[in-house]
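These notes are about the structure you will find just below.
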Amino acid sequence: MEQQVLDVVALGELLIDFTDSGPSTQGNPCFEANPGGAPCNVLAMLTKLGHTCAFIGKVGQDMFGAQLRQAAEEVGISVDGLVEDPEIHTTLAFVKTLPDGDRDFSFYRNPGADMALKPEEVPASLLAWTRVFHFGSLSLTDEPVRSATRRAVAIAREAGALISFDPNLRPPLWRSEAEAREQIAWGFGQCDVLKIADNELLFMTGETDFDKGAAMLCAQYPNLRMICVTAGADGSHCYYGSAHVYVPGCRLGGVIETTGAGDTFCACMLHDVLEHGLDNRTEEDLHRMLAFANTAAYLVTTQKGALRMMPTQEQIAQILTQNTSSKA
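Numbers 1 to 328, taken from full-length UniProt numbering, label the letters of the sequence shown in order.
The following block contains the structure:
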């Protein structure tokens, strides 16, 4: 049987986000077990937009691993590349929402199953038939998953796939800032498309000026064909060749928490690349891409959870129209 071409394959962490659900009747904090993990969140949004996707990673052979496999399958992600570890438990993250909607993370990942993916467990057959391969820096924090990630990138590149990278920096998971910078820099050197948050740009370049920070990355990593810098509610920037486009974020209210917003934005960026390619993009094209991605990211912040709660194309279009009208 002929192998199906996939739109996107992602590798990395699939974990449980325990999100703050308020106090119990006794006054104790309650947490809801939401399926999460940045690479799989990206795939969940892409499947919502009609793309074929597969995930490569590892969970524990436990109740949370089973929950995550079921959740990924429910949203249409192929889990043929998902491995179960009989000894190491599924990675957990406790997420406390701060007053401004941002988050504070406490990880139970020393070890966690996602760290234990081995190079020989990476299915080359999936990577040989994908248009885009996406990864983040959490799969570069430790061995053996670091080597597994490097093998996956090499296979995907050899097969002609576009490479997408999102640092998704989580400082508590690194032994040192120097190691984090070294591994993230390796990711920069591999990718065609980079989605990076404002704090990550500052971390890697020391620049608060987005233009200067992006210029530094482009000069150091000539492989970068498109850089998108996200700045939360302030919007996003795209650097493509000599073009720089900025689109403000949606400020329609109702933000509950920001979990998954960056992943949703990244998925919409990849959706646009899959639909229109990376060649000969105009500033109008880039503006449309950012407006769509900003709107989708905003919608995710108006509810709890991410992987199961991605917006539809119709919902995004409706808010785009509403946001445009409110600025008229």
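Even glycine gets a Cβ: it sits at the ideal position worked out from N, Cα and C.
Here the structure is a predicted model, which means the values were calculated and not measured.
Counting along the chain, the unbroken alpha helix (DSSP H) around Thr301 starts and ends at 283 to 301. Per the Cβ contact rule, the segment 287 to 301 is in contact with the segment 261 to 277 (3 or more Cβ pairs under 8 Å). Residue pairing by DSSP places Lys96 opposite Asp104 in a beta bridge. Rounded to whole angstroms, Lys212 and Cys228 show a C-alpha spacing of 14 Å. The distance from the Cβ of Phe18 to that of Leu92 is about 7 Å, consistent with a contact at the 8 Å cut-off. When Gly305, Pro35, Leu117 are compared, the shortest CA-CA separation from Asp85 is found for Leu117.
Counted as a single uninterrupted DSSP element, the beta strand (DSSP E) harbouring Glu32 occupies residues 29 to 36. Annotated three-state conformation of Val273 is helix, per DSSP. Looking at the DSSP output, Tyr221 shares a beta bridge with no other residue. Comparing C-alpha distances from Ser164 to each of Gly187, Ser147, Trp174, Glu177 shows the shortest one belongs to Gly187. DSSP links Pro23 through a beta bridge to Pro29.
Inter-segment contact for the segment 274 to 285 and the segment 52 to 61 is absent: fewer than three beta-carbon pairs are separated by less than 8 Å. Contact fails between the segment 58 to 74 and the segment 126 to 136, because fewer than three Cβ pairs, one in each stretch, are under 8 Å apart. With 16 or more other CB atoms across the displayed protein chains lying within 10 angstroms of its CB, Asn168 is buried.
Within the same chain, Cβ atoms closer than 6 Å to the Cβ of Tyr239 are found at Ala214, Ile227, the five residues on either side in sequence being excluded. By the C-beta density criterion, Thr149 is buried, having at least 16 other C-beta atoms within 10 angstroms. Put simply, the backbone Cα of Ala152 is about 44 Å away from that of Ser24.
Beta-bridge partners of Gly136 (DSSP): Asp166.
Comparing C-alpha distances from Ala10 to each of Gly81, Cys30, Pro29, Gln61 shows the shortest one belongs to Gly81. Met63 counts as exposed, since fewer than 16 other beta carbons sit within 10 angstroms of its beta carbon.
The way I'd put it, the segment 246 to 259 does touch the segment 297 to 309; three or more beta-carbon pairs between them come closer than 8 Å. Judged by DSSP in its simplified three-state form, Gly262 adopts helix.
Non-local beta-carbon contacts of Leu140 in its own chain, meaning distances under 8 Å to residues more than five positions away in sequence, involve Arg146, Thr149, Gln183, Ile184, Trp186, Gly187 in chain order.
Cβ contact annotation for Asn323 (same chain, cutoff 6 Å, sequence separation greater than five): Cys250, in chain order. The C-alpha of Ala180 lies about 14 Å from the C-alpha of Gly206. In terms of Cβ geometry, Glu13 and Pro39 form a close pair [threshold 9 Å].
His237 and Leu49 do not touch by the CB rule: their CB atoms are close to 22 Å apart, not below 8 Å.
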